[in-house]
Amino acid sequence: MRWPHAFVYVALALVLGVLAWRSAPPPPPTPPPSGTASAPTPGIAVRQVTIESQGRQVRAVRAGDRWQVVEPSGAKVTSDLVSALLSAVLDTRAEPVVADPADLEEFGLTHPSARITLERTEGAPVVLLLGRTNPAETGIYGRLEGNPQIVLLGLNVRYYVDLVLR
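The working numbering applies: residue 8 is where the sequence shown begins, and numbers increase by one.
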């Protein structure tokens with residue numbers, strides 16, 4: 008290859024790089040600092056969480072900035088694991104799937120595989136019902152009790168539920 012050709016290729020690569028850099032979408036905005044590192048989630052203050060599936064149940068209460076498992080006594084569930092589950096449920100965007108489904112069985116929600124009850128410091132409890140995984144096995148169907156809309160949550164929600172109830 009001759010030097011003039013090499014210079015043309017380098018110049019073309021630089022021009023294409025600049026165009027790609029200028030046309031890239033802007034980075035997502037960073038959330039403002041929450042003020043305290045111990046806040047369990049932005050937007051909802053949870054004081055107690057109960058996870059139920061297949062006849063098993065774990066209940067944890069907020070004790071300062073940690074989670075303490077109170078039921079069953081002696082359970083080997085760490086505070087970090089409860090925090091990870093809550094983060095997977097509350098901090099990750101759920102994708103709407105169906106606003107008003109005709110048949111809940113299609114999503115495994117006639118008889119949910121798990122139930123997560125969040126007792127808030129203010130307001131009524133929030134109950135999340137989990138169904139089956141989607142056909143691509145990339146997420147799990149869920150819906151809030153009393154709300155017909157079905158959403159797709161990250162598969163890590165099921166993973167954390169399984170770890171907590173182990």
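All C-beta atoms in this analysis are idealised placements derived from N, C-alpha and C, irrespective of residue type, glycine included.
Every value quoted in this text rests on a predicted model; they were computed, and no experiment measured them.
Just checking, does the segment 76–84 make contact with the segment 48–68 on the three C-beta pairs under 8 Å criterion?
Per the Cβ contact rule, the segment 76–84 is in contact with the segment 48–68 (3 or more Cβ pairs under 8 Å).
Rounded to whole angstroms, how far is the Cβ of arginine 73 from the Cβ of serine 94, which I believe are closer than 8 Å?
The residue given as residue 73 occupies position 66 in the sequence shown. The residue given as residue 94 occupies position 87 in the sequence shown. 14 Å between Cβ atoms; not a contact.
Check the Cβ-Cβ distances between valine 96 and every residue of chain D, and say whether any is below 7 Å.
Of the protein chains in the structure, only one exists, and it is not chain D.
Range covered by the alpha helix (DSSP H) that runs through leucine 88
Here residue 88 refers to the residue found at position 81 of the sequence shown. Leucine 88 -> alpha helix (DSSP H) spans 86–97.
With 16 as the cutoff for other CB atoms within 10 Å, does glycine 130 come out buried or exposed?
Your numbering for residue 130 matches position 123 in the sequence shown. With fewer than 16 other Cβ atoms within 10 Å, it is exposed.
Our contact map puts leucine 172 next to serine 60 with C-beta atoms below 8 Å; I'd like the distance itself, whole angstroms only.
Against the sequence shown, residue 172 aligns to sequence position 165. Against the sequence shown, residue 60 aligns to sequence position 53. Confirmed, Cβ separation roughly 6 Å.
According to DSSP, residues forming a beta bridge with leucine 160:
By one-based count along the sequence shown, residue 160 stands at place 153. DSSP output for leucine 160 lists Ile147 as bridge partner(s).
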